[in-house]
Amino acid sequence: QVQLVESGGGLVQPGGSLRLSCAASGVIFSINPMAWYRQPPGKERELVAEVAIGGSTTYADSVKGRFTISRDNAKRMVYLQMNSLKPEDTAVYYCYGWQGMEYWGKGTLVTVSL
Numbered sequence: 008q009v010q011l012v013e014s015g016g017g018l019v020q021p022g023g024s025l026r027l028s029c030a031a032s033g034v035i036f037s038i039n040p041m042a043w044y045r046q047p048p049g050k051e052r053e054l055v056a057e058v059a060i061g062g063s064t065t066y067a068d069s070v071k072g073r074f075t076i077s078r079d080n081a082k083r084m085v086y087l088q089m090n091s092l093k094p095e096d097t098a099v100y101y102c103y104g105w106q107g108m109e110y111w112g113k114g115t116l117v118t119v120s121l
């Protein structure tokens, strides 16, 4: 079993920055890929960014140029640096990993508002 725990959410003003972290623990061989998803209020969950174990990345068009995903395999961590935040980035952000099956964290709330 793999456990994923997110941290770093909170309230931020438009134009601000936040860094989300996700810590993986448990029986880990190779979690690939790892990703961040988000679910805005009243909407479906959507992929934000994905990072493969070798470091290649994929981003949703809505966050390209503003968000950066990274992972530290030795520390079993994945990060999401979010800059130039907009109100429409408000959502619960979930950490995701694949290791034979899907694993999800419980989510961390990001609110972008004045």
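Position 81, counted from 1, in the sequence shown is what my numbering calls 88; the numbers after and before it change by one each time, with no gaps. Backbone N, C-alpha and C define an ideal beta-carbon position, used for all residues, glycine too.
| message | For the structure I just gave you, are there three or more beta carbon pairs, one from the stretch 47–65 and one from the stretch 106–117, closer than 8 Å? | response | no
| task | To the nearest angstrom, report how far apart LEU11 and CYS102 are at their CA atoms. | result | 7 Å
| query | Can you tell me the Cα-Cα spacing of ILE35 and GLN106, whole angstroms? | reply | 8 Å
| request: Give the secondary structure of SER69 by DSSP, where H, G and I count as helix, E and B as strand, and everything else as coil. | output: helix
| task | Per DSSP, which residues does VAL12 bridge with? Please list them. | result | In DSSP, VAL12 forms a bridge with ALA30.
| request: Give the range of the beta strand (DSSP E) segment to which GLU51 is assigned. | output: Careful: GLU51 lies outside any beta strand (DSSP E) and carries neither H nor E.
| task | Within 10 angstroms of the Cβ of GLY62, are there 16 or more other Cβ atoms? Answer buried if so, exposed if not. | result | exposed
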